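Engineer: Shown below is the structure under consideration.
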Amino acid sequence: MSERGRKASDEEMLVDFVERLERHKTGRRAVQIHLSQLRPYHLRPHHLRIARQVLEPLVHRFEAAIFQLWNNDLVVLTKGASEDDLDVSIKDVKNLFARDPLFSAPPGSSRSAPFCDWYDVEVDWQALVDLCRGHNEARRKAAAQSNNKAATEAAIGPAILEKLENAIAKADLANILRRQQVFAIIPGAKPAPILTELFFSMPFLAQTVAPGYNVTADKALFQHLARVLDARMLALMPRQDYLPMLKNASLNLSLATVLSQEFLEFDRATNNKDRGPLAIELPAVDYFSDPDDFVFARNFLKERGYKIILDQVKHELLPMLDRNRLDVDLIKVIWSQALFDDCSGDQAEEMRSGIDRFGRERVILCRVDAEEGVEIGQKVGLTLFQGRLLDAMSQGKS
């Protein structure tokens with residue numbers, strides 16, 4: 248887009264607005280609200296839209312202008328408003344994010360930095376101008392970096408899609424096969440492996456065959472490619488050189504794959520003696536999007552002797568899930584910073600109750616890449632963990 252036709256950014260409009268106030272400073276007040284200090288999971292687009300909407304009454308009462316900066320902070324400039332007037336609306340914003348650690352950190356902690364910076368424009372005009380110009384320059388640099396990244400991660404077109412499909416059909420899957428163990432951690436003992444998840448790395452394959460293309464950019468295309476890769480995996484696993492891997496293992500598949508002809512052929516080509524108590528991991532999103540097919544597939548898998556793991560469960564859902572209705576053998580709860588924050592506060596007991604309802608021996612905390620994951624998991628009664636941290640611990644790297 249040409250410079251002439253480009254829409255001005257909020258930072259550019261803010262600089263222009265503040266510079267024009269040089270002769271109209273009287274009665275003007277500004278506040279920068281540091282939403283950027285919130286946890287990333289509280290900075291999704293809908294959070295930002297609603298936070299801005301909460302401040303809209305200031306527009307009508309005090310001719311306020313509201314600008315959203317590149318780092319998600321908000322700058323509000325008003326005419327005739329006192330700090331107390333502004334503080335009413337700012338408290339409403341804080342209430343939206345009351346569960347964020349920013350507002351529950353004890354005084355003097357590293358997370359107790361001011362949520363707002365205040366400016367009396369008549370006194371602080373030059374400082375405000377410098378601040379706004381600095382944000383505008385930072386926005387330009389961030390935009391340049393984003394454009395460079397986008398240029399190196401092109402979308403997948405039909406030709407690249409065909410190339411990837413052909414690569415999956417011909418690939419030596421041993422090169423992209425990944426194994427990640429689930430460990431039981433008992434205080435005072437070394438982590439003990441109890442299960443090995445087998446999966447194939449689509450991003451690694453894509454970067455090998457078509458470097459520079461982002462296979463996750465288009466969700467539908469990614470799911471299609473994953474489905475093609477699943478079919479190839481199911482065709483190869485019954486071979487003698489792959490079959491021993493199925494002992495005490497799990498396969499990460501989609502619901503569509505389990506209901507496919509390829510899975511029926513895999514099931515026919517193997518048996519309980521060959522594969523042992525093989526577990527099938529099904530994503531939680533498949534359960535919520537199509538519960539009837541999920542139940543149908545679950546009953547079929549159980550009848551054929553498979554164990555079932557409900558994968559990719561967000562911790563917020565755990566207290567709401569009914570173990571008897573799900574009727575699965577294990578569930579995998581995703582480790583995240585949000586889980587740490589919630590279980591470090593007053594929600595730990597709710598989480599512990601949800602785990603107890605399922606059975607502590609049935610819940611795996613997965614994607615653990617930080618020691619806090621094990622720490623908080625043990626706090627709420629978990630003993631089963633999976634992730635890069637556990638991989639490193641098992642190899643003596645931590």
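Residue 248 is where the sequence shown starts when you use the numbering used here, and the numbers rise one by one after that.
Ideal Cβ positions, reconstructed from N, Cα and C, are used throughout, including at glycine.
Model, not experiment: these values are computed from the prediction.
Using DSSP's beta-bridge definition, name the partner residues of V621.
Structural biologist: Numbered from 1 along the sequence shown, position 374 holds the residue referred to as residue 621. Answer by DSSP bridge pairing: none, since V621 is not bridged.
Engineer: Suppose only complete runs of 4+ residues qualify. What are the alpha helix (DSSP H) ranges in the stretch 498–557, listed by chain order?
Structural biologist: 502–505, 508–516, 519–522, 531–536, 538–550
Engineer: With a floor of 3 residues, list each beta strand (DSSP E) that falls wholly inside the stretch 400–481, ordered by position along the chain.
Structural biologist: 424–431, 439–447
Engineer: Determine which residues share a DSSP beta bridge with I337 and list them.
Structural biologist: Looking up residue 337 in the sequence shown gives position 90. Answer by DSSP bridge pairing: none, since I337 is not bridged.
Engineer: So does the stretch 289–297 actually touch the stretch 590–604, counting three or more Cβ pairs closer than 8 Å?
Structural biologist: no
Engineer: From the DSSP output, in three-state form, read off K215 for me.
Structural biologist: What is shown of the chain runs 248 to 645, which leaves residue 215 out entirely.
Engineer: If you reduce the DSSP assignment to three classes, tell me which class F350 lands in.
Structural biologist: Residue 350 sits at position 103 when you count from the first residue of the sequence shown. Helix, per DSSP.
Engineer: For the alpha helix (DSSP H) that contains D263, what are its first and last residues?
Structural biologist: If you number the sequence shown from 1, residue 263 lands on position 16. Segment 257–267, the alpha helix (DSSP H) holding D263.
Engineer: Using a Cβ-Cβ cut-off of 6 Å (strictly less than) and excluding sequence neighbours within five positions of P440, which residues of its own chain qualify?
Structural biologist: Locating residue 440 in the sequence shown gives position 193, where the first residue counts as 1. Hits under 6 Å: Q428, F430.
Engineer: Locate the alpha helix (DSSP H) running through V306, then write down its first and last residues.
Structural biologist: Position 59 of the sequence shown, counting from 1, holds the residue named residue 306. Counting along the chain, the alpha helix (DSSP H) containing V306 begins and ends at 304–309.
Engineer: How would you call Q279, buried or exposed, if buried means at least 16 neighbouring beta carbons within 10 angstroms?
Structural biologist: One-based indexing of the sequence shown puts residue 279 at position 32. A residue is called buried when at least 16 other Cβ atoms come within 10 angstroms of its Cβ; Q279 meets this threshold and is buried.
Engineer: Can you tell me the Cα-Cα spacing of D364 and D371, whole angstroms?
Structural biologist: Within the sequence shown, numbered from 1, the residue matching residue 364 stands at position 117. Within the sequence shown, numbered from 1, the residue matching residue 371 stands at position 124. Approximately 12 Å, taken between the alpha carbons.
Engineer: Once you ignore the five residues that flank D339 on each side, which residues in its own chain have a CB closer than 6 Å to its CB?
Structural biologist: In the sequence shown, residue 339 corresponds to position 92, counting from 1. So the qualifying residues of the chain are V301.
Engineer: Using C-beta distances below 8 Å, list every residue in its chain close to V462, excluding the 5 sequence neighbours before and after it, in chain order.
Structural biologist: Working through the sequence shown from its first residue, we reach residue 462 at position 215. Closer than 8 Å at the Cβ level, and outside the excluded window around V462, lie I403, L411, M449, P450, A453, L468, F469, L472.
Engineer: Contact defined as beta carbons within less than 8 Å: I believe L476 pairs with I415. What is the distance between those atoms, to the nearest angstrom?
Structural biologist: Here residue 476 refers to the residue found at position 229 when the sequence shown is read from its first residue. Here residue 415 refers to the residue found at position 168 when the sequence shown is read from its first residue. With 8 Å as the limit, L476 and I415 qualify as a contact, their Cβ atoms being about 5 Å apart.
Engineer: Taking 8 Å as the threshold, find out whether the stretch 254–274 comes into contact with the stretch 282–293 through three or more Cβ pairs.
Structural biologist: no
Engineer: Does DSSP put V560 in a helix, in a strand, or in coil?
Structural biologist: Taking the first residue of the sequence shown as 1, we reach residue 560 at position 313. In this structure, V560 counts as strand in the three-state DSSP scheme.
Engineer: State the DSSP-derived secondary structure class of D574, mapped to helix, strand or coil.
Structural biologist: The residue given as residue 574 occupies position 327 in the sequence shown. Of the three classes helix, strand and coil, the one that applies to D574 here is coil, per DSSP.
Engineer: Please return the same chain residues whose Cβ sits closer than 7 Å to the Cβ of F510, not counting the five positions on each side in sequence.
Structural biologist: Position 263 of the sequence shown holds residue 510. Here the set comprises L481, T504.
Engineer: Could you tell me how far apart the beta carbons of V580 and V621 are, in whole angstroms, since I believe they sit closer than 8 Å?
Structural biologist: Walking along the sequence shown from the start, residue 580 turns up at place 333. Walking along the sequence shown from the start, residue 621 turns up at place 374. Actually they are not in contact, since the Cβ atoms of V580 and V621 sit about 13 Å apart, beyond 8 Å.
Engineer: Could you round the C-beta distance between F350 and H281 to whole angstroms and report it? I think they count as a contact, below 8 Å.
Structural biologist: Numbered from 1 along the sequence shown, position 103 holds the residue referred to as residue 350. Numbered from 1 along the sequence shown, position 34 holds the residue referred to as residue 281. Not quite, the Cβ-Cβ distance comes to about 12 Å (not below 8 Å), so this is no contact.
Engineer: Taking the alpha carbon of D603 as the point to measure from, which residue in E259, G624, D616 has its own alpha carbon closest?
Structural biologist: Counting from one through the sequence shown, the residue named residue 603 turns up at place 356. The residue with the shortest Cα to Cα distance from D603 is G624.
Engineer: Rounded to whole angstroms, what's the CA-CA distance from P530 to V627? Just pull it up for me.
Structural biologist: Position 283 of the sequence shown, counted from the first residue, corresponds to residue 530. Position 380 of the sequence shown, counted from the first residue, corresponds to residue 627. Rounded to whole angstroms, P530 to V627 spans 23 Å at the Cα level.
Engineer: Does the distance from the C-beta atom of D257 to that of F309 stay below 8 Å?
Structural biologist: Translated into the one-based positions of the sequence shown, residue 257 becomes position 10. Translated into the one-based positions of the sequence shown, residue 309 becomes position 62. D257 places its beta carbon 8 Å or farther from that of F309.
Engineer: Taking the beta carbon of L378 as the centre, do at least 16 other beta carbons fall within 10 Å, making it buried, or is it exposed?
Structural biologist: Here residue 378 is taken as the residue at index 131 of the sequence shown, counted from 1. With 16 or more Cβ atoms within 10 Å of its Cβ, L378 is classed as buried.
Engineer: Are there 16 or more other CB atoms within 10 angstroms of the CB of T325, so buried, or fewer, so exposed?
Structural biologist: Looking up residue 325 in the sequence shown gives position 78. T325 should be labelled buried.
Engineer: Contact check, W317 vs A255 under 8 Å by CB: the rounded distance?
Structural biologist: Position 70 of the sequence shown, counted from the first residue, corresponds to residue 317. Position 8 of the sequence shown, counted from the first residue, corresponds to residue 255. With a Cβ gap of about 13 Å, W317 and A255 do not count as contacting.
Engineer: Identify the continuous alpha helix (DSSP H) that holds R275 and give its terminal residues.
Structural biologist: Translated into the one-based positions of the sequence shown, residue 275 becomes position 28. Unbroken run through R275 is the beta strand (DSSP E), 275–280; no alpha helix (DSSP H).
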